[in-house]
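In terms of my numbering, the sequence shown opens at residue 970 and continues consecutively.
From the three backbone atoms N, C-alpha and C, an ideal C-beta is built for every residue, glycine too.
Please read all numbers here as calculations on a predicted model, not as lab measurements.
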Amino acid sequence: MKPHPVFYNCDNCPSYCCSYTEIEVTFEDIERLALHLDADIDVVSRRFTMESKDPYTRVMRHFRDPVFGTACRLLDLETRRCKAYEARPTACRVYPGTSTCHYYQFLMAERRLQGKPKVAVRAYNLVQDSEMGRHPIERRDTAENSGA
Ligand code: SF4
Ligand code: SF4
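Set out below in structure tokens:
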């Protein structure tokens, strides 16, 4: 079957979707990541994921990102690509799940407007925004996150 056409190009994007605060990760995702990273499952779980506000759910843990405020810890801040792309969680694989990506449309419109074809633009998620309360980095980067 012919694949659906898509009207976005992730290779031309600073990976805005990797800055979403609630990127769900399952136990199977963590197992796959651990295998890929050649690391212990518990270590991967602690270092790269955290509890969600929803019970029994884990989400990708963030660190500081100069572009979007915070982003998933598996995002390479130099290349803006996933450091574990082949083993990324299912939520990342299926996103955006449609033929368009609204952020990409916004990004392209801003680049055209600014005359800067490579500029990265923020949307809502600056560190100080209320949503970022989900990732209180200073408090979370403690024992649970030591990777020890
Ligand atoms: S925000 Fe859209 S275009 Fe950018 S990496 Fe994610 S899916 Fe791709
Ligand atoms: S696991 Fe990879 S693709 Fe998924 S949010 Fe993190 S950096 Fe992005």
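Status (buried if at least 16 other CB within 10 Å, exposed otherwise) for residue i
| i | result |
| --- | --- |
| Ser-988 | buried |
| Ala-1053 | buried |
| Phe-1037 | buried |
| Tyr-985 | buried |
Three-state secondary structure (DSSP) of residue i
| i | result |
| --- | --- |
| Arg-1081 | helix |
| His-973 | coil |
| Arg-1033 | strand |
| Thr-990 | coil |
| Val-1063 | helix |
| Cys-1124 | Nothing about residue 1124 can be reported from this structure: the residues present for the chain run from 970 to 1117 only. |
| Arg-1049 | coil |
| Val-1088 | coil |
| Arg-1057 | coil |
C-beta atoms of residue i and residue j nearer than 8 Å
| i | j | result |
| --- | --- | --- |
| Leu-1076 | Cys-979 | no |
| Ala-1092 | Tyr-1073 | no |
Cβ separation of residue i and residue j, assumed to be a contact under 8 Å, to the nearest whole Å
| i | j | result |
| --- | --- | --- |
| Arg-1030 | Phe-1017 | 6 Å |
| Val-1013 | Ile-999 | 6 Å |
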